[in-house]
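Residue numbers (this note's numbering): 37 to 603.
Heads up, the beta-carbon is just placed ideally off N, CA and C, and yes, glycines get one too.
Just below is one structure, and these are the notes that go with it.
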Ligand code: ATP
Ligand code: MG
């Protein structure tokens with residue numbers, strides 16, 4: 037491809053809203069442009085990367101026996117009503133109305149549609165197992181579309197759905213996908229972790245996320261170097277038994293004056309009591325309007341995902357000052373004793389003795405609180421967010437923490453959708469049973485950003501070879517010089533003949549501008565044709581290592597063969 041005839045609108049500056057390297061460089065490098073919040077256009081370079089990723093995903097899905105289909109983006113509202121998700125999915129679901137007043141969802145995911153296809157076309161155990169996948173545009177009206185391709189409102193996903201006759205067989209399908217995913221992310225050249233994950237709104241039995249390690253990523257992961265355990269902090273079990281305080285004799289309950297002192301830090305300092313013995317009482321309002329009080333030890337953070345899961349809620353929020361007032365609760369001094377709403381406790385509070393809680397009275401706390409003597413929680417639940425240093429749930433060694441970007445998510449769904457949509461099959465024994473499902477997503481467009489997040493420097497992108505838009509970049513430093521032009525053209529022709537994907541910068545611009553663009557675009561190999569041609573030399577450069585080597589023009593063919601073979 038000749039740069040003079042191509043379209044790579046590089047920019048010196050990134051737009052103000054671009055905060056993360058992938059967003060900045062994909063825009064500056066002329067890979068993508070924004071149409072509106074969360075909507076992106078793929079320009080020719082970006083489109084090439086997208087197609088490469090799609091093809092790697094497709095190859096491994098096909099190898100794993102999954103069958104590619106293409107489902108409509110629009111799904112009738114009635115289908116989503118059958119599973120209840122028309123309501124449950126909330127504001128993220130784009131809804132459109134046709135001319136007759138019928139409503140449709142713009143698919144954010146396709147469990148409903150694929151299960152409808154299966155219920156209408158699969159009857160017998162003989163037709164199973166099946167795994168269908170598609171690579172398609174998805175729509176989600178995200179509350180905060182941001183970071184370019186990382187969180188769009190329209191994005192490209194590979195979604196797959198497995199159908200099996202039993203849970204045992206479904207687990208096999210799940211394992212096959214897990215292995216396929218590892219091959220995909222390996223081939224993409226990414227540094228990733230497979231982590232235990234929360235099942236979230238999709239529901240189901242268990243799930244894993246594939247998370248690319250990046251600084252300041254949205255996914256928070258804890259992992260154990262020792263035994264290999266890794267989990268999203270929302271899903272990691274808190275091993276409180278190991279973290280427990282030693283037992284103490286119960287002291288008499290006492291109400292103490294704590295004027296204006298309400299944060300855990302302040303109470304701990306004021307009373308000179310360890311933060312681990314200051315128990316926070318958080319009042320949450322669930323989406324159905326129910327209020328609950330949740331206790332957690334002062335040094336721990338509550339995880340709202342765990343809370344939502346426990347209460348089978350869709351959403352929750354901390355009660356506002358107004359809401360607390362309506363409940364007759366004194367802000368800043370909330371406590372479990374004498375409160376009118378149900379009290380739940382995080383397991384960090386279990387077996388805790390002589391602790392401190394708010395007294396539900398302005399400027400007062402209770403000290404030496406003990407369970408069950410002073411109050412009794414409805415239940416002890418793991419609501420804690422896992423963090424660095426917590427004991428590993430498997431081997432009890434201290435966990436490490438990192439952040440990342442979720443690029444894939446697999447779920448063993450069970451029969452949630454097949455039962456809701458009556459997708460039954462007739463088993464060998466002649467009985468009708470619900471099909472057991474799994475679903476498997478990969479953020480194809482997010483992967484473009486993930487690769488850049490993981491592989492760039494101060495000058496631009498460094499594409500992994502497997503997804504680079506081109507493999508070779510030829511820079512003719514002065515295209516007006518006949519000798520340079522002839523040599524560069526010749527190398528370009530040879531490279532094409534050898535089937536190398538090559539971009540030829542034949543533009544009549546300064547050498548400095550060519551180098552800047554080349555660094556920004558990040559093509560793995562570069563052949564620079566400049567003044568050296570007078571001495572029969574060109575330079576070969578490797579973007580990743582920065583290596584440079586002068587070679588004889590006569591040896592170019594050999595070098596092209598090496599580039600072709602990826603060495
Ligand atoms: P997140 O927690 O990041 O919102 P999710 O759990 O909603 O992700 P899934 O429903 O599992 O995501 O979707 C499958 C994959 O699609 C995700 O692993 C992610 O890589 C990608 N993805 C999800 N939402 C977006 C988005 N708004 N923009 C780009 N990619 C996305
Ligand atoms: Mg989401």
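If residue i and residue j are in contact, beta carbons under 8 Å, what's the gap, nearest whole angstrom?
i: residue 232; j: residue 244; result: 6 Å
i: residue 165; j: residue 205; result: 6 Å
i: residue 298; j: residue 333; result: Actually they do not touch by this definition, with Cβ atoms about 17 Å apart.
i: residue 86; j: residue 481; result: 7 Å
For residue i versus residue j, is the C-beta distance shorter than 9 Å?
i: residue 561; j: residue 578; result: yes
i: residue 199; j: residue 454; result: yes
i: residue 265; j: residue 336; result: no
i: residue 179; j: residue 102; result: no
i: residue 100; j: residue 139; result: no
i: residue 52; j: residue 181; result: no
i: residue 401; j: residue 291; result: yes
i: residue 382; j: residue 405; result: no
i: residue 220; j: residue 92; result: yes
i: residue 441; j: residue 424; result: no
i: residue 234; j: residue 341; result: yes
i: residue 259; j: residue 271; result: no
i: residue 230; j: residue 214; result: yes
i: residue 242; j: residue 197; result: no
i: residue 484; j: residue 62; result: yes
i: residue 224; j: residue 503; result: yes
i: residue 469; j: residue 461; result: yes
Is residue i buried or exposed, if buried means 16 or more other CB atoms sit within 10 Å of its CB?
i: residue 330; result: buried
i: residue 489; result: buried
i: residue 507; result: buried
i: residue 433; result: exposed
i: residue 518; result: exposed
i: residue 522; result: exposed
i: residue 293; result: exposed
i: residue 160; result: exposed
i: residue 147; result: buried
i: residue 513; result: buried
i: residue 466; result: exposed
i: residue 479; result: buried
i: residue 313; result: buried
i: residue 195; result: buried
i: residue 426; result: buried
Going straight from the alpha carbon of residue i to that of residue j, what length do you get?
i: residue 256; j: residue 65; result: 29 Å
i: residue 327; j: residue 117; result: 27 Å
i: residue 352; j: residue 358; result: 16 Å
i: residue 582; j: residue 44; result: 23 Å
i: residue 151; j: residue 218; result: 26 Å
i: residue 511; j: residue 534; result: 18 Å
i: residue 49; j: residue 81; result: 18 Å
i: residue 174; j: residue 477; result: 11 Å
i: residue 600; j: residue 584; result: 18 Å
i: residue 429; j: residue 543; result: 59 Å
i: residue 124; j: residue 350; result: 7 Å
i: residue 387; j: residue 187; result: 42 Å
i: residue 471; j: residue 171; result: 23 Å
i: residue 40; j: residue 541; result: 7 Å
May I ask you to check if the CB of residue i is nearer than 8 Å to at least one heavy atom of the ligand ATP?
i: residue 230; result: no
i: residue 344; result: no
i: residue 181; result: yes
i: residue 68; result: no
i: residue 43; result: no
i: residue 454; result: no
i: residue 205; result: no
i: residue 150; result: no
i: residue 481; result: yes
i: residue 367; result: no
i: residue 121; result: no
i: residue 347; result: no
i: residue 174; result: yes
i: residue 2; result: Residue coverage of the chain in this structure runs from 37 to 603, which leaves residue 2 outside it and unanswerable.
i: residue 333; result: no
i: residue 439; result: no
i: residue 185; result: yes
i: residue 565; result: no
i: residue 124; result: no
i: residue 478; result: yes
i: residue 606; result: The displayed coordinates of the chain run from 37 to 603. Any statement about residue 606 would go beyond what the structure contains.
Using a C-beta cutoff of 9 Å, does residue i count as contacting chain C?
i: residue 338; result: Looking for chain C here will not work: only one protein chain is present.
Nearer than 8 Å: is that true of the beta carbon of residue i relative to any heavy atom of the ligand NAP?
i: residue 168; result: Here the bound small molecules are the ligand ATP and the ligand MG; the ligand NAP is not part of this structure.
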